[in-house]
Amino acid sequence: MSPRALLLTVIAGLIALFAIPLVTDNDYILALGISFAAMSVLAGGLNLIYGYTGLLSFAQVGFFGIGAYTATLLVVDRDWSLWAGAAAGGALSVLVALLIGYSSLRLSRHAFAIVSLSFALLCAIVARDWPELTRGSMGIPGLPTPTLNLGGGVRWRLVDPSDFYYLLMGFAVIAHGLIYLVVSSRLGRAMRAIKLNEPLAQSQGVNPLAYRLMALSLSAALSGIVGGFFVFYLTIIDPSIFDFYYTETMLISVVIGGPGSFWGVLASSAVLTVVPDLLRFTTDLRMVLYGVVLIVAMLVFPGGVGGWLYRRQVKRWRRPRPQPKPTATTP
Numbered sequence: 000m001s002p003r004a005l006l007l008t009v010i011a012g013l014i015a016l017f018a019i020p021l022v023t024d025n026d027y028i029l030a031l032g033i034s035f036a037a038m039s040v041l042a043g044g045l046n047l048i049y050g051y052t053g054l055l056s057f058a059q060v061g062f063f064g065i066g067a068y069t070a071t072l073l074v075v076d077r078d079w080s081l082w083a084g085a086a087a088g089g090a091l092s093v094l095v096a097l098l099i100g101y102s103s104l105r106l107s108r109h110a111f112a113i114v115s116l117s118f119a120l121l122c123a124i125v126a127r128d129w130p131e132l133t134r135g136s137m138g139i140p141g142l143p144t145p146t147l148n149l150g151g152g153v154r155w156r157l158v159d160p161s162d163f164y165y166l167l168m169g170f171a172v173i174a175h176g177l178i179y180l181v182v183s184s185r186l187g188r189a190m191r192a193i194k195l196n197e198p199l200a201q202s203q204g205v206n207p208l209a210y211r212l213m214a215l216s217l218s219a220a221l222s223g224i225v226g227g228f229f230v231f232y233l234t235i236i237d238p239s240i241f242d243f244y245y246t247e248t249m250l251i252s253v254v255i256g257g258p259g260s261f262w263g264v265l266a267s268s269a270v271l272t273v274v275p276d277l278l279r280f281t282t283d284l285r286m287v288l289y290g291v292v293l294i295v296a297m298l299v300f301p302g303g304v305g306g307w308l309y310r311r312q313v314k315r316w317r318r319p320r321p322q323p324k325p326t327a328t329t330p
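0 is the number of the first residue of the sequence shown in numbering that gives the first Met the number 0; add one for each residue after it.
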């Protein structure tokens, strides 16, 4: 697809997404859109870490929950605005990401995977067993309706699902735009080089630790901010915000979309938001059918959708061009 056709497709898709609340006020459809916006940001952040730098991370759900708890406590207990609370959640997530990343990446990638998994499990334990801060297993129900100051005396009160739809979808567009700028730039090429051949990239002056920490920090910031926004749509926060289901969904989105494929992961996030709800017609077999769908997808696309499209493109490049037939010459 040419750059112009890609740009027109993206613009048409954005117009369609932001027109949905104008066409329908169905809460179910809006809820799917909100879930897609939040999960696509989480999956995009994981793809930045795993797909581009080769780090298997389980810490995304921890950043997501830290951002959610930070924003909740600052808004509810300290009367901060949602903007400031979500930004503080993103900043705290970055600090934690740098701490666990710098301490483990100096050892090996395997150490980072183990530390990130331990960190995610520890977050759930802290949320459950520190009631003085997190209110324990009961969580904090009945979160207040936030009001955003848009400047110029304009205040936006997030009352309806459509309000949260615009907020989360708008942030998702900004987040994916930022990720795309990174992966399509010199930074993204350096990250791919680190993933493909770290010693060779290092011999060319690329610092793997610095690039991996940068990818981890950006991913943590986006995950923390989207967690701060998303929790006020739920109107309750409890330790289930660290549920391993979110980690599974992120990993599946990246694997099926294709690690290192920006558009593939974005498309798989949309599909995996809708498929579990489409299977609700059978409660008993819902997860079984979901597993069958995932297995079939992996058999058909072993390298993900992005990998399949890339292989097709390479095959097209390598296809021999037809040679012109020699013209007959008269003696």
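Yeah, the Cβ is synthetic: ideal placement off N, Cα and C, and Gly gets one too. Since this is a predicted model, take the numbers as computed values, not measurements.
For residue i versus residue j, is the C-beta spacing smaller than 9 Å?
i    : j    : result
W303 : P258 : With the sequence shown as reference, residue 303 is identified as Gly, and Trp is not the correct amino acid for it. Closer than 9 Å, so yes.
F243 : A119 : yes
V60  : F170 : no
I255 : F300 : yes
S222 : G135 : no
L13  : Y101 : no
I294 : L271 : no
M168 : G32  : yes
G227 : Y51  : no
V74  : P145 : yes
I139 : D237 : yes
F261 : I193 : no
G44  : L265 : no
Pull up the DSSP beta-bridge partners for residue i, would you.
i    : result
V95  : Note: V95 sits in no beta bridge, so no partner.
I235 : P140
Determine the extent of the alpha helix (DSSP H) in which residue i is found, giving its start and end residues.
i    : result
V273 : F261 to L277
G302 : Per DSSP, G302 belongs to no alpha helix (DSSP H) and is neither H nor E.
I255 : F243 to G256
Over the uninterrupted beta strand (DSSP E) stretch that includes residue i, give me the two end residues.
i    : result
R156 : V153 to R156
Alpha carbon to alpha carbon, how far is residue i from residue j?
i    : j    : result
Y164 : L217 : 23 Å
F63  : S268 : 16 Å
L41  : L199 : 30 Å
T248 : V225 : 16 Å
A351 : S103 : Here the chain comprises residues numbered 0 to 330, so residue 351 is not present and cannot be evaluated.
Y49  : S1   : 27 Å
L81  : G204 : 42 Å
R108 : S115 : 11 Å
A189 : R315 : 26 Å
V125 : V9   : 41 Å
L54  : V291 : 27 Å
W155 : L147 : 5 Å
S239 : M137 : 10 Å
I19  : L208 : 42 Å
G263 : L98  : 31 Å
L288 : L277 : 11 Å
L233 : A86  : 19 Å
Go through the stretch 89-152 residue by residue and report every complete run of the alpha helix (DSSP H) that reaches 4 residues or more, in order.
Unbroken alpha helix (DSSP H) runs of no fewer than 4 residues, entirely contained in the stretch 89-152, are found at 108-128 and 130-133, following chain order.
Let me know the alpha helix (DSSP H) ranges lying completely inside the stretch 11-95, each 4 residues or longer, listed in chain order.
You should have 26-45 and 59-76.
Kindly provide the ranges of any alpha helix (DSSP H) runs that are 4 or more residues long and lie completely inside the stretch 147-217, ordered along the chain.
Counting whole runs of 4 or more residues, the stretch 147-217 contains the alpha helix (DSSP H) stretches 160-182, 185-195 and 197-202.
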